[in-house]
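Read through the structure below, which is laid out as structure tokens, and then see the notes.
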Amino acid sequence: MSVTPMSEYPGTTLKNVNKMIHPHTYIHPNAKLATNVKIDPFTVIHQNVEIGEGTWIGSNVTIMEGARIGKNCRIFPGAVISAMPQDLKFEGEETLTEIGDNTTIREFVTIHRGTKDRWKTKVGKNCMIMAYSHVAHDCIIGNNVILSNNSQVAGHVILGDWAILGGMCAVHQFTKVGQHAFVSGGSLVGKDIPPYIKAGRQPLSYAGVNSVGLKRRGFTIDKINHILDIYRVIYNKGFNTSQALEYLEEEFSASDERDEIVTFIRESGRGIIKRYSKNSVDEDIAD
């Protein structure tokens, strides 16, 4: 990333250095900005910040210590990037917030930097974080992820590549959402959501394979059917989780999709969502 600390321009004004930066913007002298970053008025850039080429930052944005923002990002008015985590265990350690290239962050989004757990919060490339969403400390968000309006993602969450959260989702801390998963709007995510599936209803449940999304991303019909067969074993055959995984490893030929699904479920810390039934009860909500 080609960046230049503002301290290398003694005796000059920001307007002289970069005509794309509005004179009513404050930039700390130690911040590092590429030469073609565009910043609108009343935005504040703190120290220990790096911003890549072609990025646009709207008005009234606050970018705090530890932000590393990639190329060609768009950050809309009112967003706050890399604020201190809302974690009582945080002791002021120097941590980061990383935003990948070509990511769009809409109005009033808040993204907090990491703690000693992972030392950073990371948002991947080509993501869309829609208005009023929150990404807490130590989250790892993959590439091409969409967080629809008012998504609330607690600390230590992992969202895989191409995952989509519908509007007003609330994701419990330490939860994982697999790649290519789609989560229905308004969902309370308290269990892990395996890759390639749709999750919906209340309590949140398996709602089939995300075949529409997979087709859009170039998955063949054979691969989608293979994934469907895997989830039929997990959710339809009456096995418990351990039995289903053993069956898949014994009876299904190795494939990237099979191995990814099996590994995700084996490593799940909170357990995976179940199939919906009329007798379903949300175990995480007290009566």
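For the sequence shown, the residue numbers in the working numbering are 81 to 367.
Note that CB positions come from ideal geometry on N, CA and C, so glycine has one too.
{"Asked": "CB contact flag (Tyr286, Lys196, <8 Å)", "Found": "no"}
{"Asked": "Of the listed residues Asp339, Arg148, Ile273 and Leu268, nearest to Thr177 (C-alpha basis)", "Found": "Arg148"}
{"Asked": "Residue from Leu325, Leu308 and Ala216 with nearest C-alpha to Gln253", "Found": "Ala216"}
{"Asked": "Secondary structure of Phe188, DSSP reduced to three states", "Found": "coil"}
{"Asked": "Reference Ile238; option with closest CA among Thr183, Val225 and Gly266", "Found": "Val225"}
{"Asked": "Per DSSP, cross-strand counterpart(s) of Arg148", "Found": "Glu130 and Glu178"}
{"Asked": "Whether Gly258 touches Gly240 by CB criterion (8 Å)", "Found": "yes"}
{"Asked": "For Ile345, the three-state DSSP class (helix, strand or coil)", "Found": "helix"}
{"Asked": "DSSP three-state assignment for Val313, whether helix, strand or coil", "Found": "helix"}
{"Asked": "Validate contact between the stretch 288–301 and the stretch 318–333 using beta carbons, cut 8 Å, 3 pairs", "Found": "no"}
{"Asked": "Rounded C-alpha distance that separates Leu113 from Pro121", "Found": "16 Å"}
{"Asked": "Secondary structure, alpha helix (DSSP H): runs of 4+ residues fully inside the stretch 246–302", "Found": "291–296"}
{"Asked": "Beta-carbon spacing of Cys207, Thr183 below 8 Å", "Found": "yes"}
{"Asked": "Continuous alpha helix (DSSP H) stretch holding Ser322: start and end", "Found": "Thr321 to Glu331"}
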